[in-house]
Amino acid sequence: MKTLPPLFVLLFFVTLPCFSQAKDSSPTKLEGYAVPQKNPRFTFPRDHGAHPDFRIEWWYITGHLFTLETPPRRFGFQATFFRQAAPLTLTPPAASAYFAHDQIYLAHMALLDVATGRFIHQERLNRAGWNASAATDTLDVMNGDWQLRLTDPVRETLALRGGIRAEARFDFAFSPEKSLVRFGEGGYSRKGSAATAASYYLTFSRLGVNGTLQLDAVSLPVQGFAWMDHEISSSQLDTNQVGWDWLSIHFRDGRELMLYRLRLRDGSSDPASTLTWVDNAGRTMHTPFRLEVLDTWKSPHTGAVYPHRLKLHTTDPASGRTTVLQIEPLAKDQELGGALGGVTYYEGACRVVDEQSNELGSAYLELTGYDQPVDALR
Amino acid sequence: MSGRTKSPSLTPLLLRLFTQRHWRHAFGQNLLLVLILALGVGVFTAVRLANRAAVSSFTHFTETLTGRSDWIIQAPAGTLPENILPELREALLDLAVQIHPVVESTATETTREDKAPATGFSRRTYTLLGVDLVGVSNLAGQQAASESFFGRTKPAQGTATSSTGDFWTLFQDNPRLWVSPALNSGASAPATLDLVINDRALSLPVAGFIPQVPDGPAAPANLVVLDLPQLQRLVGREGRLDRIEFVLEAGLALANRRIILGERLAALGRNAEGERWLATTPGARRETAATMTQAFRLNLTVLSLIALLVGLYLVFQALDGAVVRRRAEIAILRSLGVDAGVIRRAWLIEAALLGLAGGAMGLLLGWLGAQFAVRAVGQTVNALYYATSVSAAQLGWSEAGVGLAAGVVASIAAGWAPARAAALTPPAQVLVRGAPGTIGGPWLRSWPLALAALGTAALLTQVPPLELAGGNRFPLAGHAAALCGIIGGGVLAALSIPVLGRVLAPFSNRGATWRVALGHVRRPTGRHRLAAAALVCAIGMAAGMAILVASFERSVRTWINTALQADLYLSSQGAQSASSNNRISSATWRAIATHAAVERAALFNAYPIQIDGLPTTLGGTDLAAQNNRGGFMWLQPPLDQSVFTPSQNTTAALVSESFSDRFEVRRGQSIVVPTPTGPRKLNVAGVFADYGNERGTLLVERSHAVEWFGGDEHVTSLSLDLRAGTTPETVRADMLAAHPGLSIYTNVALRGEVLRIFHQTFSITYALEGIGVVVAVAGLALTLVSVLLDRRDELTTLRALGFRRAEIARATAIEGGVLALCATASGLALSFALGWVLIHVINKQSFGWTLAFAVPAFQLAALGALVVGTGFTVSYFVGLWGADLPSDREE
């Protein structure tokens, strides 16, 4: 689905709730929550904001930073904001605007210093209220002193303020280098065979990054590129699924690639797994793929064994030829413990090389369900 | 002196052959001495441990959850509005700081009418801590804990995490409690807890145990944690916070960021209207708590030293007695060339060993005693100062060191003179065994010393108190005056023994037994004099304290009679401590005030405030009504009636005596008081007596106070005048049935309760005094044992002259009885002076209360009779034992 001109969207949907959708036979509710429907019509900036009638939502940024010096220092970073709604079956206590109980917010920040291999991260959990919130009319999400905001609704620029304890501070501005990508069918992304296993999946596949990274006592001006997913759902996984492998690649030639492999309990891939190319104009194209594990890494923290180096077999739509991409993490230990969220996962900055070891781009690899099956998103 | 034997190796030999042998022979006597020392050290240690436990458990309860906060802000008066939270978050974005709002309240166990009335000791007061349970999970300590408020934090490999359903259930309407594992001594958590919160009796479900943060303090048994908004609703404080705590994230330049944060908070806390909040640190809060109770604790410590002081007398006496009795051997040793220094060293080591044994046993006794004393001290601290979590008193290395040192130093100090005497014993002494000892020296026979000590005591009573931190004062000179008085009184008693002997001379006609006994009394040895001085010390302090308590009680009774005029008094069952903020909701008090049997209801609001960083209370009541019923006991009455007219008293206040002393404001002066709606300058119109609050009370018209404190309609308590023809008991039962969370006292019952709390506050004092007297009487027995051992030749002679065993015992009993009589008379006389010092100097300087002097004649007579009677009886049995002593028995 092509992006509608913003003005048109605003005029057309001004009196409608966000995510109006065409009628079809999909269930519209799951345990009282809204369920993603086919043929969604989005209106922005409102749909960059929160959708509290859905159970789960996240704004997920991963990216690569380089200092301005020569040779540049390289970093990988992650800044994610999650929202989860309370079960609608509970008897809610009287509302307290400052300490609400209808939504809970989880956030993760992580930083990899590629040169030293130092990986630091922090989780944060807060209830809706004075210390965590997500606006419903635009992108303005905060969790403690971490904030992600849409700063210009026309240019769709973003600002992130975050950090990891007092060890690192992020103060980054993002500007889209391509228009918003709607994965799946116009943003309706299937995640399994169940009718409700779907999400709305909106992505800025290439955001230019400018800002300051404060690392310990040093303040570093940085530039780079990032990927941002905004995903909304009420049931991401089928009962037979144990987790997923997700990969985003920024190619040096200006294209991007995103894949997710939904892993079933027997080790096979769910048919809903998909690989999508994003060309320089922002157009998407699906190709079949196969992941081959070259190496594994056992976490000293959780004992989980993760695929470490991967080989991706797929077809390059530009050439129409089979291509083999090797995904190599820039450091082994990029695991995030799930002390607060209950989900331990791996979110690692990687480089992408071809079979001749020529570097083709940078990637972020996400691996879930290796510690234990992911239940939170069912 | 080259021929003298100086070898240090001789000392162990001497200790083995000389000291050890004597100890073996006089095992019982030495054991008693060790026990007396142990008792002294024990009491001293118990009070120290109890004091420390009571103060260390002040509690910054949040530390159980947060580890240690870097800064805390709280309102100078009342509570903080929660709408300042976003402002704080925005203002501190660059400092990597976690912000944790806190609501704190108290609750008590539910008591039912059919149960025996709960005493302060048995009724548990809980501290309810309301924190954002989701927010605290972000603290590093909470994440390191193996359990969280929502289940297991770190799932064991291969196990599932707790389901999200459990997590959300905790936010349901029904408040849930997390209790301390110490509540049930490690057993499983109770299913529910029955609590009285404000005026409601509730049975609340327990969700689990408070998670233990690694390296953090264990949750005290009386700590209960709730989710913050649930506690806000439970205590009727929606939208309000008691304080906000700030925890800096780990990382570089923590100390620097802490300073910046403090400065930022202080700057943000000031606006055009004054202080919105006060920024402080947990250390400063603990210090404030410590200084609040400093005078109280110092007074207790001084009292605890009495037993040690009496024990010191006895060690001196016992060692000196041993010198006398071992003179022959000492002389032989000296003749054999043993150096005087070696002998002195051996005696000092003996004294030190005695002190060590007594100290070690005292530590054990002290630890045991502290387990009981800590509750009493904690209860007093709780009643007078702030909520504590009374925990078990721990005997640490430093306390053990101090206890042992107290025993050893006291023992060596007491043994110094006897050691010197032993070293100086000339060989010729061997020829004159039985010559009078040197004990006591000339000082116990010195009238000038007695008069100088008493004169110094009189002068010291005029010295102002020592100023402590936080506006507290300690009557150092007052205690020194008491000590001088005790010394002077002791010497006077020693001097009066022969005088009494002469007075009793006519009794010599009653037979040989009397003649022998009175002969010894007329020519008292130093040992007799010392025993009398020790008894005087103990009796003087015990009786002096009895006078203080009686005076206090009389003043409190007078105050009660003045202040308590209503028929019924109502407060929340949860309002059990000085810091309790349990209140009665407006719905409840309005229902009560309009009860058919109620003629008039007087409302009272108490607001905790801080003036110059010192906690005190602002009270709001109907001043005119209180005055009309004669409810004030004036120390400085108002000069006109405007303070009792609501339209004219918006800037007027009445202050209690403690408040007046503490903040140095008298009638006619003014003071600025913080309120949530801005500071108020109030003119002090009068000063009244109030024995209910040592931190002081400032009273204003209730309608003004309610307005200043944001229109909150809750009340702290109310008193009711009932219509003629109604029975208070019936009305009380009726109201209790409708409002089971209330504590309702009839006038008679409340008076009884006030006096019960009063006596409870003094219970530890009674115990300390009792121990002092027991030690002194035991000391008298020890003295007589020692005296009889010295007189073995005389006893042999008496037996040869035909004295029977019972006659010797009788003679000893008369001798001991007269000594006890002499000491008791002197002690009681001294107690009047000590009582005066305690009331007008020590009490006044410590607590600021004016008390009327009252003498508990019956109690003093009973104490005197008990001591004389016990002295007589104990002496009789010592005499029976001594009658069989062979002349050549070694000790």
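The listed protein sequences correspond, in order, to chains A and B. Take 1 as the starting number for the first sequence in the numbering used here and just add one per residue. Take 1001 as the starting number for the second sequence in the numbering used here and just add one per residue. For each residue, glycine too, the CB sits at the ideal point set by N, CA and C.
With distances taken between CB atoms, is the gap from A:Q78 to A:A110 smaller than 8 Å?
In the first sequence, residue 78 of chain A corresponds to position 78, counting from 1. In the first sequence, residue 110 of chain A corresponds to position 110, counting from 1. Yes, the pair counts as a contact, with Cβ atoms nearer than the cut-off.
Distance, Cα to Cα, B:S1551 vs B:L1782?
Counting from one through the second sequence, the residue named residue 1551 of chain B turns up at place 551. Counting from one through the second sequence, the residue named residue 1782 of chain B turns up at place 782. Here the C-alpha atom of B:S1551 lies approximately 35 Å from the C-alpha atom of B:L1782.
Would you say B:V1134 lies against chain A (beta-carbon separation less than 8 Å)?
The sequence position of residue 1134 of chain B within the second sequence is 134, counting from 1. Yes, B:V1134 counts as interfacial toward chain A.
Please name the residue in A:T315, A:G320, A:H48, A:Y105 whose C-alpha comes closest to that of A:T151.
Within the first sequence, numbered from 1, the residue matching residue 151 of chain A stands at position 151. Among A:T315, A:G320, A:H48, A:Y105, the Cα nearest to that of A:T151 is on A:H48.
Which residues of chain B have a Cβ atom closer than 7 Å to the Cβ of A:G348, listed in chain order?
Counting from one through the first sequence, the residue named residue 348 of chain A turns up at place 348. Chain B residues near A:G348: none, gap ~21 Å exceeds 7 Å.
When the Cα of B:C1537 is compared with those of B:A1255, B:V1655, B:L1780, B:V1785, which residue comes out closest?
Here residue 1537 of chain B refers to the residue found at position 537 when the second sequence is read from its first residue. The shortest Cα separation from B:C1537 among B:A1255, B:V1655, B:L1780, B:V1785 belongs to B:L1780.
Under the three-state DSSP convention, the category B:V1342 falls into:
Indexing the second sequence from 1 puts residue 1342 of chain B at position 342. Reduced to three states, the DSSP call for B:V1342 is helix.
What beta strand (DSSP E) runs, 3 residues minimum, are completely inside the stretch 254-322 of chain A?
The qualifying runs are 256-264, 274-278, 284-286, 289-298, 305-316.
Closer than 7 Å by beta-carbon distance: list the chain B residues that pair up with A:F99, in chain order.
Within the first sequence, residue 99 of chain A is the residue found at index 99, counting from 1. Within chain B, the residues near A:F99 are D1132, L1228, P1229.
Taking its Cβ as the centre, do 16 or more other Cβ atoms sit within 10 Å of B:D1227, making it buried, or is it exposed?
Sequence index remark: in the second sequence, residue 1227 of chain B carries index 227 (1-based). Residue environment for B:D1227: buried (at least 16 other C-beta atoms within 10 angstroms of its C-beta).
Could you tell me which chain B residues have their CB closer than 8 Å to the CB of A:W130, listed as they occur along the chain?
Translated into positions along the first sequence, residue 130 of chain A becomes position 130. The contacting residues are E1082, L1085, P1086, R1089.
Run the CB neighbour count on A:E359, radius 10 Å, all protein chains shown included, and call it buried at 16 or more, exposed below.
As a working note, residue 359 of chain A is residue 359 in the first sequence. Per the 10 Å Cβ criterion, exposed.
Name the chain B residues that come within less than 8 Å of A:L340, Cβ to Cβ?
Counting from 1 along the first sequence, the entry for residue 340 of chain A is found at position 340. What A:L340 touches in chain B: S1137, N1138, Q1143.
Cβ-Cβ separation, B:R1702 to B:G1620 (assumed contact under 8 Å), whole Å:
Position 620 of the second sequence, counted from the start, is the residue given in the question as residue 1620 of chain B. Position 702 of the second sequence, counted from the start, is the residue given in the question as residue 1702 of chain B. Their Cβ separation, rounded to whole angstroms, is 4 Å, which keeps B:G1620 and B:R1702 in contact under 8 Å.
Less than 8 Å between C-beta atoms, sequence neighbours within five positions excluded: which residues of the same chain meet that for A:S193?
Working through the first sequence from its first residue, we reach residue 193 of chain A at position 193. Once the five neighbours on either side are set aside, the close Cβ partners of A:S193 are D238, D270, P271, A272.
Kindly indicate the opening and closing residues of the alpha helix (DSSP H) around B:Y1876.
Here residue 1876 of chain B refers to the residue found at position 876 of the second sequence. B:Y1876 -> alpha helix (DSSP H) spans 1857-1883.
Name the one or two DSSP bridge partners that B:V1556 has.
Residue 1556 of chain B sits at position 556 when you count from the first residue of the second sequence. BP columns for B:V1556 are empty, so no partner.
Would you mind sorting A:T43 into buried or exposed? The rule is 16 or more other CB atoms within 10 Å of its CB.
For the purposes of this step, residue 43 of chain A is identified with residue 43 of the first sequence, where counting begins at 1. With 16 or more Cβ atoms within 10 Å of its Cβ, A:T43 is classed as buried.
Could you name the residues of the same chain whose beta carbon sits closer than 6 Å to that of A:Y60, not counting the 5 residues immediately before and after it, in chain order?
Along the first sequence, one-based indexing puts residue 60 of chain A at 60. Excluding its 5 nearest sequence neighbours in each direction, A:Y60 has C-beta neighbours in its own chain below 6 Å: T80, D229, listed in chain order.
Based on the DSSP output, what are the partners of A:N210 in its beta bridges?
Within the first sequence, residue 210 of chain A is the residue found at index 210, counting from 1. Per the DSSP secondary-structure output, A:N210 pairs in a beta bridge with A:A173, A:Q223.
Check whether the Cβ atoms of A:F251 and A:V209 sit closer than 8 Å, and answer yes or no.
By 1-based counting over the first sequence, the position of residue 251 of chain A is 251. By 1-based counting over the first sequence, the position of residue 209 of chain A is 209. With respect to A:V209, A:F251 sits apart: the two C-beta atoms are not nearer than 8 Å.
Counting only the same chain and skipping the five closest in sequence on each side, list residues whose C-beta sits under 8 Å from that of A:L88.
As a working note, residue 88 of chain A is residue 88 in the first sequence. Leaving aside the five residues that flank A:L88 on each side, the residues in its chain whose CB is nearer than 8 Å to its CB run, in chain order, E31, G32, Y33.
Under 8 Å between C-beta atoms, does B:R1257 make it to chain A?
As a working note, residue 1257 of chain B is residue 257 in the second sequence. By this cut-off, B:R1257 is an interface position.
Taking the straight line between their C-alpha atoms, what separation do you get for A:T62 and A:C350?
Within the first sequence, the letter at position 62 stands for residue 62 of chain A. Within the first sequence, the letter at position 350 stands for residue 350 of chain A. Across the structure, A:T62 and A:C350 are spaced so that their CA atoms are roughly 11 Å apart.
Note the first and the last residue of the continuous alpha helix (DSSP H) segment covering B:S1398.
Translated into the one-based positions of the second sequence, residue 1398 of chain B becomes position 398. Start and end: 1397-1424.
From A:S199 to A:R290, what distance separates their C-alpha atoms?
Position 199 of the first sequence holds residue 199 of chain A. Position 290 of the first sequence holds residue 290 of chain A. So the alpha carbons of these two residues sit roughly 23 Å apart.
In or out: B:S1411 buried (at least 16 other Cβ within 10 Å) or exposed?
Position 411 of the second sequence, counting from 1, holds the residue named residue 1411 of chain B. It counts as buried.
Which residue wins for smallest C-alpha separation from B:W1447, given the options B:R1523, B:L1254, B:A1493?
By one-based count along the second sequence, residue 1447 of chain B stands at place 447. Checked all of B:R1523, B:L1254, B:A1493; the closest Cα to B:W1447 is B:A1493.
With a CB to CB cut of under 6 Å and the five nearest residues on each side skipped, what residues in its chain are close to A:G369?
Taking the first sequence and counting its residues from 1, one reaches residue 369 of chain A at position 369. Around A:G369: V242, G243.
Do B:Y1313 and B:A1481 have their C-beta atoms closer together than 8 Å?
By 1-based counting over the second sequence, the position of residue 1313 of chain B is 313. By 1-based counting over the second sequence, the position of residue 1481 of chain B is 481. No, these two residues do not count as a Cβ contact at 8 Å.
Taking only the alpha-carbon atoms, compute the straight-line gap between B:A1417 and B:R1326 and give it to the nearest angstrom.
Numbered from its first residue, the second sequence carries residue 1417 of chain B at position 417. Numbered from its first residue, the second sequence carries residue 1326 of chain B at position 326. Cα to Cα, B:A1417 sits roughly 15 Å from B:R1326.
Counting only the same chain and skipping the five closest in sequence on each side, list residues whose C-beta sits under 6 Å from that of A:K332.
As a working note, residue 332 of chain A is residue 332 in the first sequence. Cβ within range, chain order: W297.
How long is the line joining the alpha carbons of B:V1408 and B:L1698, rounded to whole angstroms?
In the second sequence, counting from the first residue as 1, residue 1408 of chain B sits at position 408. In the second sequence, counting from the first residue as 1, residue 1698 of chain B sits at position 698. Using only the alpha carbons, I get a separation of about 49 Å.
Apart from the five residues on each side of it in sequence, which residues of its chain come closer than 7 Å, Cβ to Cβ, to B:S1508?
The residue given as residue 1508 of chain B occupies position 508 in the second sequence. Exclusion of the five residues before and after B:S1508 leaves W1514, R1515, L1518 as the residues of its chain whose Cβ lies within less than 7 Å of its Cβ.
Where B:P1012 sits in the DSSP three-state scheme
Walking along the second sequence from the start, residue 1012 of chain B turns up at place 12. Three-state DSSP puts B:P1012 in a helix.
Is there at least one Cβ from chain A nearer than 8 Å to B:E1249's Cβ?
Numbered from 1 along the second sequence, position 249 holds the residue referred to as residue 1249 of chain B. Residue contact check for B:E1249 against chain A: a CB pair falls below 8 Å.
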